[in-house]
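Enquirer:
Number of protein chains: 2
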Amino acid sequence: VIELQQIIRNFRLGEGVIKVLKGIDLQINRNEYVALMGPSGSGKSTLMNILGCLDTPTSGQYLLNGRDVSKLIDDELAEIRNHEIGFIFQTFNLLPRSTALDNVILPLIYAGESRKVRTERATNALEQVGLADRMHHRPNELSGGQRQRVAIARALVNKPSILLADEPTGNLDTATSIEIMGLLHEIHRQGNTIIIVTHEEDIAQHAHRIIRLRDGAIENDYQNTDI
Amino acid sequence: VIELQQIIRNFRLGEGVIKVLKGIDLQINRNEYVALMGPSGSGKSTLMNILGCLDTPTSGQYLLNGRDVSKLIDDELAEIRNHEIGFIFQTFNLLPRSTALDNVILPLIYAGESRKVRTERATNALEQVGLADRMHHRPNELSGGQRQRVAIARALVNKPSILLADEPTGNLDTATSIEIMGLLHEIHRQGNTIIIVTHEEDIAQHAHRIIRLRDGAIENDYQNTDI
Ligand SMILES: Nc1ncnc2c1ncn2[C@@H]1O[C@H](COP(=O)(O)OP(=O)(O)OP(=O)(O)O)[C@@H](O)[C@H]1O
Ligand SMILES: Nc1ncnc2c1ncn2[C@@H]1O[C@H](COP(=O)(O)OP(=O)(O)OP(=O)(O)O)[C@@H](O)[C@H]1O
Ligand SMILES: [Mg+2]
Ligand SMILES: [Mg+2]
Chain A
1 VIELQQIIRN FRLGEGVIKV LKGIDLQINR NEYVALMGPS GSGKSTLMNI
51 LGCLDTPTSG QYLLNGRDVS KLIDDELAEI RNHEIGFIFQ TFNLLPRSTA
101 LDNVILPLIY AGESRKVRTE RATNALEQVG LADRMHHRPN ELSGGQRQRV
151 AIARALVNKP SILLADEPTG NLDTATSIEI MGLLHEIHRQ GNTIIIVTHE
201 EDIAQHAHRI IRLRDGAIEN DYQNTDI
Chain B
1001 VIELQQIIRN FRLGEGVIKV LKGIDLQINR NEYVALMGPS GSGKSTLMNI
1051 LGCLDTPTSG QYLLNGRDVS KLIDDELAEI RNHEIGFIFQ TFNLLPRSTA
1101 LDNVILPLIY AGESRKVRTE RATNALEQVG LADRMHHRPN ELSGGQRQRV
1151 AIARALVNKP SILLADEPTG NLDTATSIEI MGLLHEIHRQ GNTIIIVTHE
1201 EDIAQHAHRI IRLRDGAIEN DYQNTDI
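Chains as they are written, first to last, in our numbering: chain A, 1 to 227; chain B, 1001 to 1227.
Shown next, in the form of structure tokens:
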């Protein structure tokens, strides 16, 4: 379902060029559950942004469900980002002046759902992450882990077939993390594809395959036999 | 050095009142190393904000080095926040349009240090967290873990005697976390007081004392005998 060929991503900074992804070759099939690990700064979020069609590689090819992403027009990309891919950002990226509920409703507005369906589904998603009693709080009236869970609910609400989760339990206590990993398992069980960035070995152990990045290149890519 | 008596913190939201801290009694002596744990939403960051003189309790008393914090004037509070207390925020709170270096220099400007000393100390602090080659990047040109390390460097640069760290390794891989915990140990060894919020048991094990919060009250407060 995902095929990356020689993906390179450079950033220009001042006079110099920073080579962040140095030629990534990667194939991920439908319904795989992949953990992406690696040191801080190794390029995990950058890779996730490319996978999520939020960033364009400097060179190389990205085939998503057989289609060359660089050849898609804006409308097709918007459709993919809204319906096929759910993204949980490392820094949440919530709208600061909207409530938790309105933040989770937003993707449903883009998807053209009716008001009744939107409120129902968003409320449901927030209940699933344990935030039923925080729906009308704005982000600055929520704890760090509660904001993270709003970001999770928002990513799930359009039932995407590919879920990209960048450190989804980074701000959660053990008990809440277990609940969230349970949610992800259910999504995986329904046939969807999950790619999770984590620096915690316990969380990575939930995945069937582990990919380790170092300095912008894949250092290791193996099946998780302890699962 | 820190004494909290019946600290209550309520938030008003719409028609209702949310009772976030429900009467905290706490005493922390000089040079203690305390881990503060508890479920998401239990009140850890709210408690840290009160300890850091960034928030005022609804009722109760906070004695810092024997002085009643509620009786201090603005200049005295600013002095405490700038010289005595270092705060690593759960959401980093970096200035988005300043470089990493300028973010770390900021507390030194408030402290009235000369330009030469400021640049030297800030550079040093960034080297200590492994960001020597990222000093001129702005936050949106840094990875999540790199931003976290800028926040750490900024908190240390005025050599505070009390360090409040809210999830300081939440976005860091294991190897980088070990380096940061090593830094904190050195600060502790020099006689300073450390309070660290963490949801990771491995990180909490570095502390000598563990305080567990639940629903805004202290559920458990014990010495870490495994250390
Ligand atoms: N301004 C506010 N208005 C209303 N409620 C608030 C406000 N700020 C925080 N809260 C509530 O206070 C509670 C405690 O928040 P706090 O940030 O202290 O939790 P925490 O223990 O740090 O959680 P986490 O581990 O998720 O970071 C949460 O339930 C949150 O929704
Ligand atoms: N806009 C940019 N300009 C220059 N360099 C950048 C930019 N964005 C990211 N970088 C650099 O790219 C590298 C990879 O960043 P990325 O966010 O992908 O890392 P990461 O693996 O997700 O790290 P972490 O675990 O800390 O979140 C970092 O060294 C970062 O400094
Ligand atoms: Mg990242
Ligand atoms: Mg918190």
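C-beta: ideal position from N, C-alpha, C; glycine also.
Beta carbon of proline 1096(B): closer than 8 Å to some heavy atom of ligand 2?
Expert: Because no heavy atom of ligand 2 lies under 8 Å away, the Cβ of proline 1096(B) does not count as near it: no.
Enquirer: Are the C-beta of cysteine 1013(B) and some C-beta of chain A separated by less than 9 Å?
Expert: The sequence given here places leucine at residue 1013(B); cysteine does not occur at that position. Yes, leucine 1013(B) counts as interfacial toward chain A.
Enquirer: With a CB to CB cut of under 7 Å and the five nearest residues on each side skipped, what residues in its chain are close to alanine 1122(B)?
Expert: Leu1101, Val1104, Ile1105, Leu1108 and Val1157, listed in sequence order.
Enquirer: Thinking C-alpha only, which one of His1188(B), Pro1160(B), His1185(B) and Leu1095(B) is nearest arginine 1147(B)?
Expert: Arginine 1147(B) has its Cα closest to that of Leu1095(B), out of His1188(B), Pro1160(B), His1185(B) and Leu1095(B).
Enquirer: Would you list the residues whose beta-carbon is nearer than 5 Å to any heavy atom of ligand 2, in the order they occur in the chain?
Expert: Those satisfying the condition are, in chain order, Phe11(A), Leu13(A), Ile18(A), Val20(A), Ser40(A), Gly41(A), Ser42(A), Gly43(A), Lys44(A), Ser45(A), Thr46(A), Glu1141(B), Leu1142(B), Ser1143(B), Gly1144(B) and Gly1145(B).
Enquirer: Between which residues of its own chain and glycine 38(A) is the CB-CB distance below 7 Å, once the five residues before and five after are set aside?
Expert: These residues qualify, in order along the chain: Lys44, Arg212, Leu213 and Arg214.
Enquirer: Along chain B, in chain order, which residues have C-beta atoms closer than 8 Å to that of asparagine 171(A)?
Expert: Per Cβ cutoff of 8 Å: Ser1040, Gln1090, Glu1167, Gly1170 and His1199.
Enquirer: Please list, in chain order, all residues of the same chain as arginine 1134(B) whose beta carbon is under 7 Å from its beta carbon, the five residues on each side excluded.
Expert: Excluding residues within five positions, the ones whose Cβ falls inside 7 Å are Ala1100, Leu1142 and Gln1146.
Enquirer: Excluding sequence positions up to five away, which residues of its chain have a Cβ less than 6 Å from the Cβ of serine 1059(B)?
Expert: Excluding positions up to five away in sequence, the list reads Ile1008.
Enquirer: Return the residues of the stretch 1140-1151 of chain B that lie within a Cβ-Cβ distance of less than 9 Å from chain A, sorted by chain order.
Expert: Listed by position along the chain: Glu1141, Leu1142, Ser1143, Gly1144, Gly1145, Gln1146, Arg1147, Gln1148 and Arg1149.
Enquirer: For histidine 1206(B) and chain A, any beta-carbon pair shorter than 9 Å?
Expert: Not one chain A Cβ lies under 9 Å of histidine 1206(B).
Enquirer: Here's a check: name, in chain order, each residue in its chain whose Cβ is nearer than 7 Å to the Cβ of aspartate 166(A), leaving out the five neighbours to either side.
Expert: Ser45, Met48, Ile88, Phe89, Gln90 and Val197, listed in sequence order.
Enquirer: When DSSP labels each residue in this structure, what does aspartate 221(A) get in the three-state scheme?
Expert: It is a strand residue.
Enquirer: Within its chain, find whatever has a CB closer than 8 Å to the CB of glycine 1130(B); leave out the 5 residues flanking it on each side and keep chain order.
Expert: Only Arg1149, Thr1176 and Glu1179 meet the Cβ criterion.
Enquirer: Kindly give me the distance between the Cβ atoms of alanine 204(A) and alanine 35(A), rounded to whole angstroms, as I take these residues to be in contact under 8 Å.
Expert: Confirmed, Cβ separation roughly 4 Å.
Enquirer: Count the other CB atoms within 10 Å of the CB of valine 117(A); is the residue buried (16 or more) or exposed (fewer)?
Expert: Its Cβ having fewer than 16 others within 10 Å, valine 117(A) is exposed.
Enquirer: For a quick check, are the C-beta atoms of asparagine 192(A) and proline 160(A) less than 9 Å apart?
Expert: Yes, the pair counts as a contact, with Cβ atoms nearer than the cut-off.
Enquirer: Are there any heavy atoms of ligand 4 lying less than 8 Å away from the beta-carbon of aspartate 1166(B), as far as the coordinates show?
Expert: Within the cutoff, so yes.
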